[in-house]
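For reference, the structure is listed below as structure tokens.
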Amino acid sequence: MYIDGYFPNFLVDKVKAELVKVVEFLEQGNQDIEEIQSKLDFAIHAINDLAEEFDENDSEIETVARESIAQTVEDILAFYGIEIDTEVAIRERDW
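Letter 79 of the sequence shown, counting from 1, is numbered 405 in my numbering, and no numbers are missing.
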């Protein structure tokens with residue numbers, strides 16, 4: 327999303343910050359699927375809450391952003407060996 331000028335960097339930073347919180351949780355060695363899903367749900371709700379701010383900056387969480395966020399979540403889960411389907415991981419999305 328950073329390479330696409332359509333997405334303001336300061337908002338991409340906010341999306342990234344939510345996903346970093348999930349990474350930090352996983353780095354602590356947490357492997358409980360329900361707890362991980364709860365952290366993912368919280369992060370996705372926080373990203374959902376950014377929709378209005380994207381709109382106010384002539385942007386939106388559209389196809390490119392959706393795919394980027396989903397791929398990032400998938401990559402995070404794969405890196406930590408967490409077996410949660412990507413669609414389940416981002417199930418709380420409004421985008």
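The beta-carbon is built from N, C-alpha and C at its ideal position, and this holds for glycine as well. None of these values were measured; they are calculated from a predicted model.
Taking the C-alpha atoms as reference points, what is the distance between residue i and residue j?
i, j, result
"Phe336", "Phe351", "23 Å"
"Glu382", "Val414", "29 Å"
"Ile395", "Ala372", "13 Å"
With a threshold of 8 Å on Cβ separation, who are the neighbours of residue i within its own chain once the five nearest residues in sequence on each side are excluded?
i, result
"Ser385", "Tyr332, Phe333, Pro334, Leu337"
Leaving out five residues before and five after residue i in sequence, what residues of the same chain have Cβ atoms less than 7 Å from its Cβ?
i, result
"Val348", "Lys365, Leu366, Ala369, Ile402"
If I follow the unbroken alpha helix (DSSP H) through residue i, where does it start and stop?
i, result
"Arg419", "No alpha helix (DSSP H) holds Arg419; DSSP gives it neither H nor E."
"Glu409", "Here Glu409 belongs to no alpha helix (DSSP H), and DSSP marks it neither H nor E."
"Asp381", "377-382"
On the three-state DSSP scale, how would you describe residue i?
i, result
"Ile387", "coil"
"Phe333", "coil"
"Gln354", "coil"
Does any C-beta atom of chain C lie closer than 8 Å to the C-beta of residue i?
i, result
"Tyr406", "Although the question refers to chain C, the structure presented lacks it and comprises just one protein chain."
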